[in-house]
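In this note's numbering, the protein residues as written are 19 to 339.
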């Protein structure tokens, strides 16, 4: 049985109204205040107040998950860099490199964790050579290729019932999507990556389509799972700590990924090459939540060992996948 269905430390200062609003947004990340009010049965003014407070605190951030392969960038990699000295300048330079999705500066100030996507292995090699190998601050680095990724609905408390089916939360399968996008699709996806709650009117303006045609195009992209919406905390928010836990495993990686996806406070799960092929990112509001997450992972059958990296700072390029 998944450890994720056990009681978990609650997020501070979230009451039942907050959780209802969050839950409604997790069911429909683009819902208007009026629709959120209908879905929750709460007055619209109250929903608007709670929504704005949660956004201001950084506890609500709706993002558009798009498989980079659909955008012509099928090679996704994690790069862990150990720097000889302060790495803020290095991080700033790497953040400007095309293909970088996000950068995290670890708590020890010595390591950078970078996620990139490229159109080919050759482009990945060129990126590593130019941005990492040649940097004078770099002491060492390692690169792993991401094979599959899962993004479960973020649980602010222990999930109720059975673990989610992985088919419902996988957003990067590692398969050839076979999906052909036209220029209008590309424009819409690029803007949704930046702002998943962008209005249909604004999308219509950038796409050149009418509002009804834009709505139809968006519904098709979502219906075909080209884009998935997730509402979760922002790892840059005050009081939110992001940690990545990398695991050495034995046995069926899909089964273990399912156990991880059922845990509370999970942002995403990735399977990659290397000696620690499974990693999970947790977004936590307390040390108790971090400790509970690490303990739960250690008790999952098949996890042989786990290493934790705490992020002090996250520098996002797109930050949405």
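Ideal Cβ placement from N, Cα and C applies to all residues, glycine included.
beta-carbon residue i near the ligand NAD non-hydrogen atom, thresh 7 Å
| i | result |
| --- | --- |
| residue 331 | Absence of the ligand NAD from the depicted structure is noted, as is the absence of any ligand whatsoever, leaving it without description. |
Reduced DSSP secondary structure (H/G/I, E/B, other) of residue i
| i | result |
| --- | --- |
| residue 318 | coil |
| residue 243 | coil |
| residue 297 | strand |
| residue 199 | coil |
| residue 266 | strand |
| residue 339 | Below a pLDDT of 50, predicted positions are generally treated as unreliable, and residue 339, at 46, falls in that range; the measurement from the model is reported next regardless. Coil, per DSSP. |
| residue 37 | helix |
| residue 167 | strand |
| residue 179 | Its pLDDT being 47, under 50, residue 179 is placed unreliably in this model, and the coordinates cannot settle the point. |
| residue 272 | helix |
| residue 323 | strand |
| residue 12 | No answer is possible for residue 12: the residues shown for the chain start at 19 and end at 339. |
| residue 115 | coil |
| residue 233 | helix |
| residue 328 | strand |
| residue 56 | helix |
| residue 190 | strand |
For residue j and residue i, believed in contact at Cβ under 8 Å, the rounded distance
| i | j | result |
| --- | --- | --- |
| residue 311 | residue 302 | 7 Å |
| residue 328 | residue 124 | 7 Å |
| residue 142 | residue 96 | Contact doesn't hold; Cβ gap of about 11 Å is too wide. |
| residue 82 | residue 58 | With 8 Å as the limit, residue 82 and residue 58 do not qualify as a contact, their Cβ atoms being about 23 Å apart. |
| residue 245 | residue 321 | That belief does not hold up - the Cβ atoms of residue 245 and residue 321 are roughly 32 Å apart, past 8 Å. |
Of the residues the options, the one placed nearest residue i, counting alpha carbons only
| i | options | result |
| --- | --- | --- |
| residue 140 | 330, 31, 279 and 94 | 94 |
| residue 252 | 299, 138 and 198 | 299 |
| residue 127 | 161, 68, 98 and 114 | 98 |
| residue 309 | 263, 47 and 154 | 263 |
| residue 259 | 265, 250, 153 and 108 | 250 |
| residue 238 | 256, 267 and 202 | 202 |
| residue 35 | 50, 45, 43 and 60 | 60 |
| residue 305 | 80, 234, 261 and 149 | 261 |
| residue 79 | 53, 56, 44 and 66 | 44 |
| residue 149 | 171, 116 and 137 | 116 |
| residue 286 | 166, 157, 240 and 222 | 166 |
| residue 233 | 218, 241 and 293 | 218 |
Per DSSP, cross-strand counterpart(s) of residue i
| i | result |
| --- | --- |
| residue 97 | 132 and 161 |
| residue 81 | 248 |
| residue 224 | Its beta-bridge partners do not exist; DSSP assigns none. |
| residue 289 | 166 and 296 |
| residue 156 | 101 |
Closer than 8 Å to chain B by CB, residue i
| i | result |
| --- | --- |
| residue 140 | In the structure shown, chain B does not exist; there is a single protein chain. |
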